[in-house]
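*Asks:* Before we start, here is the structure in question, set down as structure tokens.
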Ligand code: NAD
Ligand code: MG
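In this note's numbering, the protein residues as written are 22 to 356.
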């Protein structure tokens with residue numbers, strides 16, 4: 022389409038200049054506008070209802086914590102489907118649970134948007150983590166692997182400092198790792214399970230945030246992964262839902278504290294997403310079979326479908342967004 026802001030005689034002159042390779046600085050912008058107008062980029066429309074696999078899913082279970090690489094079908098974390106546009110150029114990010122699932126989708130997207138990324142994960146997840154490290158490096162970005170157990174206070178407390186030292190800064194903390202174990206009754210929840218759920222999901226967020234904040238510049242961003250279970254708790258996820266409710270309150274309070282430090286704090290509340298957490302003790306076999314089928318969209322989310330939310334909340338474009346909870350749950354209203 023012709024660019025009506027440029028008179029045709031001028032456009033001819035600009036295009037002639039481009040052809041001759043002698044455009045002046047002031048004419049360059051117009052030349053680009055004319056080029057763009059000549060060949061508009063196409064963003065393909067996606068049918069959200071049918072974009073990804075629908076249940077039934079094949080029967081499967083893995084010992085905790087599970088590997089994305091052994092799931093059928095393999096989750097889409099954006100390996101080939103996420104395209105960046107420089108929205109996080111030069112940023113330094115630490116993502117817990119960055120080996121698989123939602124954290125992996127965030128890690129791939131951050132690297133494609135120009136960020137250097139440190140991922141934290143359990144040592145058992147090394148095969149998944151290796152793939153993520155390779156994907157980040159394929160973008161020409163720095164990738165740092167920091168395996169360890171978030172139930173250990175020392176590891177949590179030291180993690181932001183290690184990421185800061187290895188990346189040369191820390192602008193973004195994504196506290197995303199989580200533990201979920203279904204139990205039909207409170208009478209079946211052991212002290213050990215209760216401790217694991219709370220240490221992984223909420224203590225770690227506290228330790229990581231407290232250690233990261235002094236290292237973060239104004240403009241920094243903290244993002245925690247909550248859940249729809251914070252608002253509509255599943256009856257078989259009592260301890261898990263309690264931690265997710267705690268994350269929402271923690272984020273809303275911390276956001277207010279951090280306003281005058283220039284650090285934004287938000288949460289993401291996913292509905293059912295196809296990840297290793299679910300098939301390694303997070304859900305009953307029956308629920309896995311029909312995973313996501315209860316949503317209005319009738320399917321599970323894929324991790325890549327959350328990547329744009331993590332990118333937005335980390336980016337400077339979200340400068341007025343803090344203390345918020347962003348949900349993505351296939352049509353199930355959250356709140
Ligand atoms: P996932 O299994 O791929 O990721 C969870 C990650 O947590 C693991 O990869 C592991 O690295 C990390 N982790 C767990 N225990 C740890 C420990 N003790 N020490 C260190 N790391 C540990 O599954 P996911 O679904 O991508 O989970 C990411 C987050 O999303 C979790 O907080 C989860 O509660 C949340 N979430 C998931 C869903 C869903 O349907 N998948 C829905 C709502 C919220
Ligand atoms: Mg994992």
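Beta carbons are placed, not taken as given, at the ideal position from N, Cα and C, and that holds for glycine.
Should the segment 309-327 be called in touch with the segment 93-106, which here means at least 3 C-beta pairs below 8 Å?
*Replies:* Output reads yes: the segment 93-106 touches the segment 309-327.
*Asks:* By Cβ distance, which residues of its chain are closer than 8 Å to residue 227, with the 5 residues on each side in sequence left out?
*Replies:* Excluding sequence neighbours, residue 227 sits near 271.
*Asks:* Please name the residue, chosen from 71, 72, 91, 70, that lies closest to residue 80 on a Cα-to-Cα basis.
*Replies:* Cα-wise, what sits closest to residue 80 is 91.
*Asks:* Is it the case that the CB of residue 75 approaches a heavy atom of the ligand NAD more closely than 7 Å?
*Replies:* The answer is no for residue 75.
*Asks:* Just the C-alpha distance for residue 74 and residue 65, rounded to the nearest angstrom, thanks.
*Replies:* Whole-angstrom Cα-Cα distance: 19 Å.
*Asks:* Closest Cβ-Cβ distance between residue 279 and chain B: below 8 Å?
*Replies:* The question asks about chain B, but that chain is absent: this structure has only one protein chain.
*Asks:* Which word fits residue 305, buried or exposed, when buried means at least 16 other C-beta atoms lie within 10 angstroms of its C-beta?
*Replies:* By the 10 Å Cβ count, residue 305 comes out exposed.
*Asks:* Starting from residue 246 and walking both ways along the beta strand (DSSP E), at which residues does that stretch end?
*Replies:* 242-246 is the extent of the beta strand (DSSP E) around residue 246.
*Asks:* Can you give the beta carbon distance from residue 123 to residue 291, rounded, assuming they're within the 8 Å contact cut?
*Replies:* Going by Cβ atoms, the distance from residue 123 to residue 291 rounds to 6 Å, so yes, they are a contact pair.
*Asks:* Any idea which residues DSSP pairs residue 168 with across the strands?
*Replies:* 142, per the DSSP bridge assignment.
*Asks:* What would DSSP say about residue 125, mapped onto helix, strand or coil?
*Replies:* Helix at residue 125.
*Asks:* In terms of residue numbering, what span does the alpha helix (DSSP H) encompassing residue 113 cover?
*Replies:* Segment 113-117 is the beta strand (DSSP E) holding residue 113; no alpha helix (DSSP H) there.
*Asks:* Taking 8 Å as the cut-off, decide whether the C-beta atoms of residue 200 and residue 218 are in contact.
*Replies:* Yes; because the gap between Cβ atoms is below 8 Å, this pair is in contact.
*Asks:* Looking at residue 291 and the ligand COA, is the gap between the Cβ and the nearest heavy atom below 7 Å?
*Replies:* Among the ligands modelled here, namely the ligand NAD and the ligand MG, the ligand COA does not occur.
*Asks:* Which whole-angstrom value is the C-beta distance of residue 285 and residue 193, which I expect to be below 8 Å?
*Replies:* Incorrect: roughly 10 Å between the Cβ atoms, too far for contact.
*Asks:* Please name the residue, chosen from 260, 276, 236, that lies closest to residue 245 on a Cα-to-Cα basis.
*Replies:* Of the listed residues, the one whose Cα sits closest to residue 245 is 276.
*Asks:* Which ranges would you report for the beta strand (DSSP E) in the segment 286-356 if only whole runs of at least 3 residues count?
*Replies:* Taking only runs of at least 3 residues, the beta strand (DSSP E) segments lying wholly in the segment 286-356 are 346-349.
*Asks:* Strictly by DSSP, which residues pair up with residue 82?
*Replies:* Per DSSP, none; premise fails for residue 82.
*Asks:* Can you give me the C-alpha to C-alpha distance between residue 39 and residue 104, rounded to a whole angstrom?
*Replies:* Bear in mind that a pLDDT of 26 at residue 39, under 50, signals an unreliable position, so the number given afterwards is only what the model happens to contain. Approximately 28 Å, taken between the alpha carbons.
*Asks:* So what's residue 223 in DSSP terms, helix, strand or just coil?
*Replies:* Helix at residue 223.
*Asks:* Name the DSSP beta bridge partners of residue 196, please?
*Replies:* The partner list for residue 196 (beta bridge, DSSP) reads 245.
*Asks:* Could you name the residues of the same chain whose beta carbon sits closer than 7 Å to that of residue 172, not counting the 5 residues immediately before and after it, in chain order?
*Replies:* The residues are 217, 220, 221.
*Asks:* Is residue 147 a contact residue of the ligand MG, with contact defined as CB to any heavy atom under 7 Å?
*Replies:* No, the Cβ of residue 147 stays beyond 7 Å of every heavy atom of the ligand MG.
*Asks:* Going by DSSP in three states, residue 68 sits in which element: helix, strand or coil?
*Replies:* Note: residue 68 maps to coil in three-state DSSP.
*Asks:* Classify residue 149 as helix, strand or coil using the three-state DSSP reduction.
*Replies:* Helix at residue 149.
*Asks:* To the nearest angstrom, how far is the alpha carbon of residue 282 from that of residue 298?
*Replies:* Answer to the nearest angstrom: the Cα atoms are 34 Å apart.
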